DNA sequence: CGTCTCCAGGTTTTT
DNA sequence: CCTGGAGACG
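Numbering (the numbering used here), first residue to last: 1372 to 2044.
Here it is in structure tokens:
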């Protein structure tokens, strides 16, 4: 499609969409119900802006997930057939990185800073805690990590209850700075600080980005809102739907919609209420569910589509049965209706649900992609390699240095590390500085043998600094992996299973190949190590190219499914305790409303056909527990639903039940049978 | 002093 | 199943 003249737009869009696309100046709020063509409006809007001569460099579009950002960019490219070198489409966090890469020296960091993910953060907390004399029992790093995040983002303050961690927090912050590192929250918090303290820097960005657009606005946190507010003049378009706000646990607050009205006078509100996606049945089910929420903007989402087929609810016995039910149904429907596998979406509440489903797919030879879940980049072997890259990029990155200084084993143990650590503490320097200082000392602080071992490590890091600039990153990484003999390490570390070792090695191979693809991408004109590291830290999962996902069933969490749609959708594990999640139920009604929105999001992903399954039993840790169907199932108007009774093998079931109970009784005294 | 082995615990959702 | 930690062993 070449020109997007107004005639064409009028034909392609309904009147509200048309207004949203062509209102380019001034603040606008687009309330976009599920399936109302939101993505289409955003992409057309940007294409239209380019068409009327607004330079790419003045446009900033912010999203929440990398997937959404990539998809938006793709669509605009398709629509305009233009190169988009100067258009900024990115997640809030990635945009924060971009700014910090340019400006962070103003805040006292050096520009090759590392970004710490949750694991890194927790290691740093643990390390700092040990120095401050915390014992293992009052150092729950998981809990403390969350607390620190809440403190940093202003969601919590120090009170009598958590004061004991204040010093630890300060130590943590000092550690980040000493190691030239920032955490995820800093990616939003530090740019705000930067803008506040340096008006001239802020002005630079304000005058560059004249047109700002924010997708999924209901999921912005106060920080993100403030970030945007600082940058924006008046041409801001925010797009959202309060019914799809599902990130409040991360600080999202859809009250920002109200703030927006206040902070940007003259705002125009546009409502997109026609759903183009789903059948009348699916939409009515979704509306039935969401209407139970008390705290929402009333809206009337309607669809011009047919009523379609009823929603089917199944009650499999357990999660294994559920998985094979899903696999078999997909095979059957794909065959009968001539659908491709990528037209199916299987949605679940928690990543832990994926395993049995994946196994069923493997068994049935159904190709699938799983987004979310234990991230590729969280795998131990991948983290090891990446840690080398990080230390090469930033020698002062203690957390990553500790991770690899003795991996693969090279004879540098706890005691040696303790010497470095003491020196670093006394001299307020990083471990790397401590190591090089101590290596230079003639006296016998370090034994000659130790010195030799350390030198070996230092040589590896320093011998690879050429990675930082220049071409051929993937080749250099491959050489590095060989240089450190990682393959031998994998074999010795997985003595029982060479298969496991090979699997891990293949993961590394996959990593190297992805670096290769990345550096050969013509759009990527500066394929250096820093840029690579920035990119992957924000890539929480291996959400590979969409092209790779052609012909594969989409398995994902409901959170990850936002913004997507599939002709056929399965919602797995619709049980109380999973959705709504047990933790949310504990925390009160407000959280149940968020879970309901989550369920609403899940339902509205479906275009033609929706299956919901609720297991009667489910394995949780070691035990098998009885499940009750999700309370949300009762909120779907019954006339839309076809219930399938539990399979008729009752006698078998009962027998198993009795057996299980007997096993319980005998298990008590001894741990046998 | 470093390495290996065995054992317990598992953390909702994501950048 | 997989990871991290404690403690035994060489």
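For glycine and all other residues, C-beta sits at the position ideal for the given N, C-alpha and C. Please read all numbers here as calculations on a predicted model, not as lab measurements.
- Residue 1403 is positioned such that its CB atom lies no closer than 8 Å to that of residue 1450.
- Uninterrupted beta strand (DSSP E) stretches at least 3 residues long and entirely within the segment 1441 to 1505 occur at 1459 to 1462 and 1485 to 1487, given in chain order.
- Secondary structure note for residue 1968: it is in no beta strand (DSSP E), and the uninterrupted alpha helix (DSSP H) holding it is 1960 to 1974.
- In the three-state reduction of the DSSP assignment, residue 1953 falls in the helix class, which pools H, G and I.
- For residue 1909, the uninterrupted alpha helix (DSSP H) segment begins and ends at 1900 to 1909.
- Residue 1643 sits close to residue 1387, with the two beta carbons spaced by under 8 Å.
- When the beta-carbon positions are compared, residue 1697 and residue 1943 come within less than 8 Å of each other.
- CA-CA distance, residue 1680 to residue 1962, rounds to 32 Å.
- Spanning the alpha carbons of residue 1486 and residue 1834 requires a straight line of approximately 23 Å.
- By the Cβ neighbour-count rule, residue 1786 is exposed, with fewer than 16 other Cβ atoms within 10 Å of its own.
- Secondary structure at residue 1938: strand, using DSSP grouped into helix, strand and coil.
- The residue among 1409, 1412 and 1465 with its C-alpha nearest the C-alpha of residue 1435 is 1465.
- Under the DSSP assignment, residue 1547 falls outside any beta strand (DSSP E), being part of the alpha helix (DSSP H) whose first and last residues are 1537 to 1549.
- Boundaries of the beta strand (DSSP E) harbouring residue 1979: 1977 to 1984, taken from the DSSP string.
- CA-CA distance, residue 1502 to residue 1812, rounds to 25 Å.
- Scanning 1453, 1420 and 1426 for the CA closest to the CA of residue 1894 turns up 1453.
- With a threshold of 16 other beta carbon atoms within 10 Å, residue 1620 falls short and is exposed.
- Annotation for residue 1773: the continuous alpha helix (DSSP H) segment containing it runs 1769 to 1775.
- Between the C-alpha atoms of residue 1729 and residue 1713 there is a straight-line separation of about 15 Å.
- Close CB contacts of residue 1582 within its chain, under the 6 Å cut and outside five residues either way in sequence, are with 1429, 1430 and 1606 (chain order).
- Contact between residue 1903 and residue 1889 holds, since their C-beta atoms are separated by about 7 Å, short of 8 Å.
- If one requires a minimum length of 4 residues, the alpha helix (DSSP H) runs lying completely within the segment 1786 to 1839 are 1802 to 1811 and 1819 to 1834, in chain order.
- DSSP, read as helix, strand or coil, puts residue 1644 in coil.
- If you look at residue 1383, you'll find it in the alpha helix (DSSP H) that goes 1377 to 1383.
- Cα atoms of residue 1850 and residue 1589: separation of roughly 46 Å, rounded to the nearest angstrom.
- In the structure shown, residue 1716 falls within a strand segment according to DSSP collapsed to helix, strand and coil.
- The segment 1677 to 1692 makes contact with the segment 1640 to 1659, as at least three CB pairs between them are under 8 Å.
- Here residue 1981 has 1653, 1682, 1940 and 1974 as same chain residues with Cβ atoms under 7 Å from its own Cβ, once five neighbours each way along the sequence are excluded.
- The beta carbons of residue 1647 and residue 1779 sit no closer together than 8 Å.
- Setting aside the 5 residues that flank it on each side, residue 1905 is surrounded in the same chain by 1468, each with a C-beta closer than 6 Å to its C-beta; the list follows chain order.
- Per the DSSP secondary-structure output, residue 1608 pairs in a beta bridge with 1399 and 1584.
- Your pair residue 1609 and residue 1641 does not check out as a contact, with CB atoms roughly 11 Å apart and the cut at 8 Å.
- In the structure shown, residue 1989 adopts extended strand secondary structure according to DSSP, grouped into three states.
- With a threshold of 16 other beta carbon atoms within 10 Å, residue 1924 meets it and is buried.
- DSSP links residue 2013 through a beta bridge to 1683.
- Distance from the CA atom of residue 1612 to the CA atom of residue 1446, rounded to whole angstroms, is 21 Å.
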